[in-house]
Each structure stands twice: as structure tokens, then as C-alpha cells.
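Asks: Mapping the sequence shown onto this note's numbering, position 277 (from 1) lands on 318, and the numbers just tick up by one. Built from N, CA and C at the ideal position, the CB exists for glycine as well. What follows is a single structure, and I will ask about it in a moment.
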Amino acid sequence: MNAEPRSELKCIDCCKVFSDAAVNRCGCGGLLDVVVDIDFLKEKISRELFDSRLGSTKFPYMSGVWRFHELVNPLIREENIVSRSEGNTFLYTHPKISEYTQIKNISLKHEGENPTGSFKDRGMTSGISAAKHLGKDTVACASTGNTSASMAAYASLAGMNSVVFIPEGMIAFGKLSQALAYGARVLQIKGNFDDAMALVQASANELGMYLLNSINPWRIEGQKTIMFELIQQLGWNPPDWVIVPAGNLGNTSAFGKAFCELYDLGLIDKIPRIGSIQASGANPFYNTWKNHLKKLEAVEKPDTIATAIRIGDPVSWQKALRAIKHTNGVVEEVTDQEIMDAKATVDSSGIGCEPASAASVAGAKKLLDAGVIDSKEKVICIITGNILKDPDATINYHLSKLLDITSRFNNPPTLIEPTLAAVRKEIT
Ligand code: F0G
């Protein structure tokens, strides 16, 4: 037995193996997977080990990512870990959510409780730590907003430069303000996210920037921990379903990888089914899955109120398709109306989320209505981003100012005279 686990990257297309951890893509164009050394780790890890780190105040185990250090990046040394105590996010149940979806046993895992307000911090602590380990000084990403906010924060924390490529006028203000404030160099691209993604890939290598989009395999390793932590929270009893909003498809890919590894390591005895939910105006993955296409056909002009998932040409579609197959999963689409109805329900339950996050709850409801999910099954919806990320969408919904959306559950403010009589009239 080796003293250290194998550490390799492997092309998902041609199976070429790389020992250089800095490679982001195979020469054949294929995406890379981090190969987890199951045989080695089987001897080293256990449910008890991970449970013993729960509630730890010790660096880096206080993080819900680094609690699973061995399964994220076993070779990284502690001094290279850049962490803000990610994860440890709450699982919420609420009668309103059960009533809305008609699913009794439904919980929401709120990844908007991460340090910069989205699940991206899990992949970013892993990605930036890999960048530090590899001696990189400048990192770059294209983003619909959350990745840029997260990367900007973690890069500054690590003393690195960051460059973000964002689609002009198409990202929510909460996210743009974070990227600017955390000190990233912000390039607004005259085009959409897919244009920004193509441009950052073309320029990263050329200009010596380490690419930190989710094509970076180390990002996926961090995002796996949403599922590790979830399963641990459930006492290592997997749910029947995990429902997740889907844009660039990093999460769908990561969840599938996480389940396969947990199963191969003997930590779970059943693999949950993944429900991957797209907005109907940005649904290339849904079309691919539904029509059994061999190749993804990009949506040229993606459009949805959920700007985080306004993506027409998701980079990780092959990995995500593999995850759907391995987990006997499904892909569904939901309209903007369904997204905003679900968001209003999540918000008025006191939980709150940004529009894209609500796609998971809208999707769960739709899959129940379609008879795919049974009302007695245990369902977990992933809430991907914080309610404060996109205040415009929320305010405009409550003021009934959203184009083509009926504000069915709105709660508008009332303007009154500054008198007790006026208050009495409103309150009684
Ligand atoms: N929900 C939110 C709030 C997001 O920010 C994203 C992706 C998704 C869902 C979709 O996740 O890409 O893993 O399928 N946001 C990226 C960004 C694209 O740039 O912030 P995915």
C-alpha cells in the first residue's frame, strides 16, 4: 500500500491521465475528472471520522468542505488551504413548502448561507486552495454573478489577483457589488454569459490566468461536499431525491460524482436520484436529455428572470449527463412564472432565496405533479443563493412590475399618513 493516495486527472472523453494538477482541459478538448483513490481512502476514512469533526473549531475541519479533506484534495497541505468556514448550511422544513409542492417529506438545504451567499464558496475554497498549492497569482472566471463574487473574495483573502468576465447588464446587483467591493478586476463583456465563457477560456492560458470556472476539476471536488454534508446531516441515510437548479451544470456533475464515491467507499448503501432543473428559456440540457440527443444543442439566446442560470451552452453537460444516468435521475424545465411562485413561497416561509434557487422547489412540484416523484418520498431541494443577491427581482415582484409574470403571492407595501388613525385603519 502506498503512503499517499494517487492524485491524477483523467479525461472523460479519451481517458488520458494527467499527473499535472494544473491542467484544466485535455488536448482532445475533453473535461477532466479528479480520480479519487477509492482503494487507498477506504482504509483511511469512515463515517465516524467525519462525525468526529462535526462542530470542530479546528482549522480546517470547521469548514463543511474541509471536514471531508480526504475526499476533496487529500494532497493539499493545511498552509495552502484558503477557507472561510464554508458550508454547515441548514436543512429547513416548513408546512408551506410541503403544501405548495404536495410533498410531505421535503427539506431545503440552504447553500445561500455560505460566506459570500451562494454554494460557489464550496468549489471556490477548493479551487483557490488548489491555485495556492500550484503557486498561481492570478485567477479568472466568467460568471452570471455568484462565481465572480465568490472568486473575488477568496482571491483577495489569498492575496491573489482576480479577473472576472461578466455579461454586461445581465447580472444581479448584489453580485456585481460584491465582485467590485472584494477587489476583482471586472470586465463587462458586450455579450451574454456564453460569450464571456468562451472569451475567458481563450484568454486564460494566453495571459497566464488560472481558470476557476467549474471546468476546473478542483471546483467540482469542493462542490461534492454539498452532498457529503447533506448525507451526514441525515445520519448517513440518503434521501430518495436531490433536486437542484441547473445552469452551467457544475453542481449536477458534482452531486453525481459525490454519490458514486460515497457508494464506492461504502459510506452509503443507496444512491439518491438527481432532479436537475433548468429554466425553460435556458434549457439546452433539458432538451438534450428529453430528446436523447448525442450532443448538446446550445440555446442561442437564453432568457430567464433567473439570471444566475441564463446559460445557453453549459460547459459541463457531458459530466452532468453522466451524473443523471448514474443516479437514474431526470431533467426538468420550469417557467419563470413557476420560478417566481416558488420563490415567493420559499421567501414567505422565512427562508428566502434568489430566483434561480427557487427552480429546485418549482421543479420538485412539477415532478410530483407529473408522477415522477411520489408524495411519500424524501426530497431535498438545494437552495443555491441568498435572497439578498437579487433585490430587484424581489421588489419588482412584490410591486407587480415584472413583465409577463403575475405576482400571485405578492406583499406590497402600503403608503400611509403619519397618524395613529391611519395605522389603526390598516392594522385593524
Ligand atoms: N443557482 C445559482 C444561484 C447560481 O449562481 C448558479 C450558477 C446555479 C444555480 C447553477 O449552477 O452552474 O452548477 O448548474 N451560477 C454560475 C455563476 C454560472 O457564474 O455564478 P450550475
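#1: Please report the straight-line C-alpha distance between Ala-299 and Leu-456, rounded to a whole angstrom.
#2: Please determine whether the Cβ atom of Pro-459 lies at a distance below 6 Å from any heavy atom of ligand 1.
#3: What are the start and end residues of the beta strand (DSSP E) that includes Asp-74?
#4: Enumerate, from N- to C-terminal direction, the unbroken alpha helix (DSSP H) stretches of 4 or more residues contained entirely within the region 387-444.
#5: At 3 residues or longer, and completely inside the region 258-287: list those beta strand (DSSP E) runs for me, N to C.
#6: In angstroms with no decimal places, state the Cα-to-Cα distance between Arg-226 and Ser-244.
#7: To which residues of the same chain is Asn-233 closer than 6 Å at the C-beta, ignoring the five residues directly before and after it?
#8: Could you give the distance in angstroms between the alpha-carbon of Ile-468 and the alpha-carbon of Glu-458?
#9: What do you get for Pro-453, buried or exposed, if any count of 16 or more other CB atoms within 10 angstroms of its CB means buried?
#10: State the Cα-Cα distance for the pair Phe-353 and Pro-325, rounded to the nearest angstrom.
#11: To which residues of the same chain is Phe-59 closer than 6 Å at the C-beta, ignoring the five residues directly before and after it?
#12: I'd like the list of long-range same chain contacts for Gly-426, defined as Cβ closer than 7 Å, with 5 residues on each side in sequence excluded.
#13: Closest to Tyr-223 by C-alpha separation, out of Ala-194, Leu-217, Gln-229, would be which residue?
#14: So Phe-206 and Leu-240 are supposed to be a Cβ contact under 8 Å. How far apart are they, rounded?
#15: Any idea if Asn-292 is buried or exposed, counting beta-carbon neighbours within 10 angstroms, 16 or more meaning buried?
#16: Pull up the distance between the alpha-carbon of Met-42 and that of Pro-258, whole angstroms please.
#17: Since I believe Gly-105 is in contact with Glu-270 (beta carbons under 8 Å), could you give me their beta-carbon distance rounded to a whole number of angstroms?
#18: Could you name the residues of the same chain whose beta carbon sits closer than 7 Å to that of Cys-55, not counting the 5 residues immediately before and after it, in chain order?
#19: For Asn-289, is the beta carbon positioned less than 6 Å from some heavy atom of ligand 1?
#20: Which residues mark the beginning and the end of the alpha helix (DSSP H) in which Lys-173 is found?
#21: For Arg-108 and Met-192, what's the separation of their Cα atoms in angstroms?
#22: Going by CA-CA distance only, name the one from Ala-347, Asp-388, Ala-400, Ala-383 that's closest to Val-372.
#23: When the distance is taken between beta carbons, is Ala-287 closer than 7 Å to Ser-321?
#24: With a cut-off of 8 Å on the beta carbons, I'd call Leu-303 and Trp-330 a contact; round off their distance for me.
#25: Can you find the residues in the same chain that come closer than 7 Å, C-beta to C-beta, to Pro-280, ignoring five residues on each side of it along the sequence?
#26: The alpha helix (DSSP H) that contains His-110, what's its start and end?
#27: Please tell me whether, using a cut-off of 6 Å, the distance from the CB of Pro-396 to the nearest non-hydrogen atom of ligand 2 is below it.
#28: Quick one: grab the DSSP three-state call for Met-42.
#29: Using 8 Å as the threshold, is the region 118-129 in touch with the region 381-394, meaning 3 or more CB pairs across them?
Replies: Based on what the coordinates show:
#1: If you draw a straight line from the Cα of Ala-299 to the Cα of Leu-456, it is about 51 Å long.
#2: No, since every heavy atom of ligand 1 falls outside the 6 Å radius drawn around the Cβ of Pro-459.
#3: Per DSSP, Asp-74 belongs to the beta strand (DSSP E) from 73-76.
#4: 396-410, 432-439, all fully within the region 387-444.
#5: 282-286, all fully within the region 258-287.
#6: For the pair Arg-226 and Ser-244, the Cα-to-Cα distance works out to about 14 Å.
#7: Sequence-distant Cβ neighbours of Asn-233 in its own chain, meaning closer than 6 Å and more than five residues away, are Pro-208.
#8: Rounded to whole angstroms, Ile-468 to Glu-458 spans 14 Å at the Cα level.
#9: Exposed, because fewer than 16 other Cβ atoms sit within 10 Å of the Cβ of Pro-453.
#10: Position check: residue 353 holds Gly in this sequence, whereas Phe was assumed. Roughly 6 Å between the two C-alpha positions.
#11: If we look at Phe-59 and ignore the five residues flanking it on each side, its Cβ neighbours are Leu-50.
#12: Cβ contact annotation for Gly-426 (same chain, cutoff 7 Å, sequence separation greater than five): Gly-153, Gly-158, Ser-159, Asn-187, Ala-349, Cys-394, Glu-395, Ala-397, Ser-398, in chain order.
#13: The residue with the shortest Cα to Cα distance from Tyr-223 is Ala-194.
#14: About 6 Å separates the two Cβ atoms, so the contact holds.
#15: The residue in question, Asn-292, is buried, as its Cβ has 16 or more Cβ neighbours within 10 Å.
#16: In this predicted model, Met-42 has a pLDDT of only 45, less than 50, meaning its place in the structure is not dependable enough to derive any value.
#17: Rounded, the Cβ-Cβ distance is 5 Å, consistent with contact.
#18: Closer than 7 Å at the Cβ level, and outside the excluded window around Cys-55, lie Cys-67, Cys-69, Gly-71.
#19: For ligand 1, at least one heavy atom lies less than 6 Å from the Cβ of Asn-289.
#20: Its alpha helix (DSSP H) spans residues 161-174.
#21: C-alpha separation (whole angstroms): 21 Å.
#22: For the residues Ala-347, Asp-388, Ala-400, Ala-383, the minimum Cα distance to Val-372 belongs to Ala-400.
#23: It is not a contact, given that the beta carbons lie outside the stated cut-off.
#24: In fact, because the Cβ distance is near 24 Å, the residues do not count as touching under 8 Å.
#25: Here Pro-280 has Pro-313, Lys-419, Val-420, Ile-421 as same chain residues with Cβ atoms under 7 Å from its own Cβ, once five neighbours each way along the sequence are excluded.
#26: Taken as a continuous stretch (DSSP letters only), the alpha helix (DSSP H) holding His-110 covers 110-113.
#27: This structure does not include ligand 2; its bound ligands are ligand 1.
#28: Low local confidence applies: a pLDDT of 45 at Met-42 is under 50, so the model's placement there is unreliable, with the coordinate-based value given in what follows. Coil at Met-42, not helix or strand.
#29: With the cut-off at 8 Å, the region 118-129 and the region 381-394 do not touch.
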